[in-house]
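A.B. asks: Numbering (UniProt numbering), first residue to last: 1 to 261. Idealized CB from N, CA, C, for every residue including glycine. Every value quoted in this text rests on a predicted model; they were computed, and no experiment measured them.
#1: Comparing alpha-carbon positions, which option in 167, 97 and 66 lies nearest residue 105?
#2: Closer than 6 Å by C-beta to residue 14: which residues in its own chain qualify, once you throw out the five before and the five after it? Chain order, please.
#3: Only counting runs of 3 or more residues, tell me where the beta strand (DSSP E) segments fall wholly within the region 4-87, in order along the chain.
#4: Measuring CB atoms only, is the region 106-113 touching the region 186-194, in the sense that at least three cross pairs come out at less than 8 Å?
#5: Give the secondary structure of residue 110 by DSSP, where H, G and I count as helix, E and B as strand, and everything else as coil.
#6: Could you tell me the distance, in whole angstroms, from the CA atom of residue 57 to the CA atom of residue 235?
#7: Give me the Cβ distance between residue 201 and residue 227, rounded to the nearest whole Å; I'm assuming they're in contact under 8 Å.
#8: Anyone know if the C-beta pair for residue 284 and residue 146 falls short of 7 Å?
#9: What does DSSP give as the partner residues of residue 210 in its beta bridges?
#10: Per DSSP, what kind of secondary structure is residue 245 in: helix, strand or coil?
#11: Within the continuous alpha helix (DSSP H) that includes residue 232, where are the two ends?
#12: Give me whichever residues DSSP pairs with residue 139 in a beta bridge.
#13: Does the distance from the C-beta atom of residue 100 to that of residue 248 stay below 7 Å?
#14: What three-state label does DSSP hand residue 258 in the structure shown?
#15: Mapping the DSSP letters down to three states, classify residue 164 as helix, strand or coil.
#16: Below 8 Å on the Cβ atoms is my guess for residue 70 versus residue 94; work out the distance and round it to an integer in Å.
#17: Using a threshold of 7 Å, state whether the C-beta atoms of residue 138 and residue 107 are closer than that.
#18: On the premise that residue 204 lies in contact with residue 174, defined as a C-beta separation below 8 Å, what is that separation, rounded to the nearest angstrom?
#19: Reducing DSSP to helix, strand and coil, say where residue 92 ends up.
Listed below in structure tokens is the structure:
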């Protein structure tokens with residue numbers, strides 16, 4: 001067998017195995033351990049572990065660091081969104097997002113963690129001419145901006161620590177937190193108060209408030225955020241905005257949990 005043909009066959013075999021893994025999950029089996037996946041696919045545990053590590057890195061799978069079990073990842077949600085916006089998270093979140101947008105006229109976005117970054121998977125644009133540019137697929141570091149910080153704050157503690165330890169906190173805007181101790185303290189405060197706030201941390205002149213959304217296993221799933229240009233932010237009562245976002249996040253979380261049963 002020539003080298004090109006070998007590479008082609010090897011690549012096809014690897015892709016086939018990845019699909020085997022994905023198809024092992026079902027409505028009845030939403031989370032699976034390494035042993036359970038080994039039983040369902042027939043792959044050796046060493047080969048399976050390498051594939052799982054790659055699929056987690058690419059966002060195709062999510063690994064619960066406490067239970068060591070795997071479930072389908074949010075990259076599949078993002079890709080599915082390109083085909084049709086009928087996934088559970090989006091279909092539940094969109095009416096809540098629309099209600100907040102109607103009440104405020106501001107940018108309302110839905111964000112997830114993907115490949116150790118914050119990724120926007122939906123955005124309802126502001127009705128005002130002056131607005132911050134946010135778009136579906138937009139990515140940013142987890143340490144800057146409310147929509148990212150709230151995701152990092154509710155990340156599993158070990159994963160959060162590892163992220164902070166290995167990440168260089170670059171100055172993205174005037175108010176970016178670049179001190180790791182200060183960032184840690186900020187994340188603790190976010191967990192305690194249940195929402196994140198930022199002003200000019202990632203984009204100059206942008207103020208944002210963001211609340212967490214949890215999956216049925218009480219793991220951080222997404223964040224719902226409002227972003228307002230700082231000149232207009234002064235017109236709002238901050239606590240009213242906080243209630244809109246935290247109530248919105250809670251409503252989405254509760255609906256996701258109800259749909260699971």
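C.D. replies: The structure says:
#1: When each option's Cα is compared against that of residue 105, the closest is 97.
#2: Answer for residue 14: no residue qualifies.
#3: Runs found: 61-63 and 70-72.
#4: No, the region 106-113 is not in contact with the region 186-194.
#5: In this structure, DSSP gives residue 110 an extended state, which the three-state scheme calls strand.
#6: Our two residues, residue 57 and residue 235, have alpha carbons roughly 42 Å apart in a direct line.
#7: About 11 Å separates the beta carbon of residue 201 from that of residue 227, a gap too long to meet the 8 Å contact definition.
#8: In the structure displayed, the chain extends from 1 to 261; residue 284 sits before or after that span and is not available.
#9: The partner list for residue 210 (beta bridge, DSSP) reads 196 and 225.
#10: Residue 245 falls in the helix class under three-state DSSP.
#11: Per DSSP, residue 232 belongs to the alpha helix (DSSP H) from 230-233.
#12: 119.
#13: For the 7 Å CB-CB criterion, residue 100 and residue 248 form a contact.
#14: Reduced to three states, the DSSP call for residue 258 is helix.
#15: In this structure, residue 164 counts as helix in the three-state DSSP scheme.
#16: The distance from the Cβ of residue 70 to that of residue 94 is about 28 Å, inconsistent with a contact at the 8 Å cut-off.
#17: Here residue 138 is not near residue 107, since their CB atoms are 7 Å or more apart.
#18: That pair is a contact at about 6 Å.
#19: Helix.
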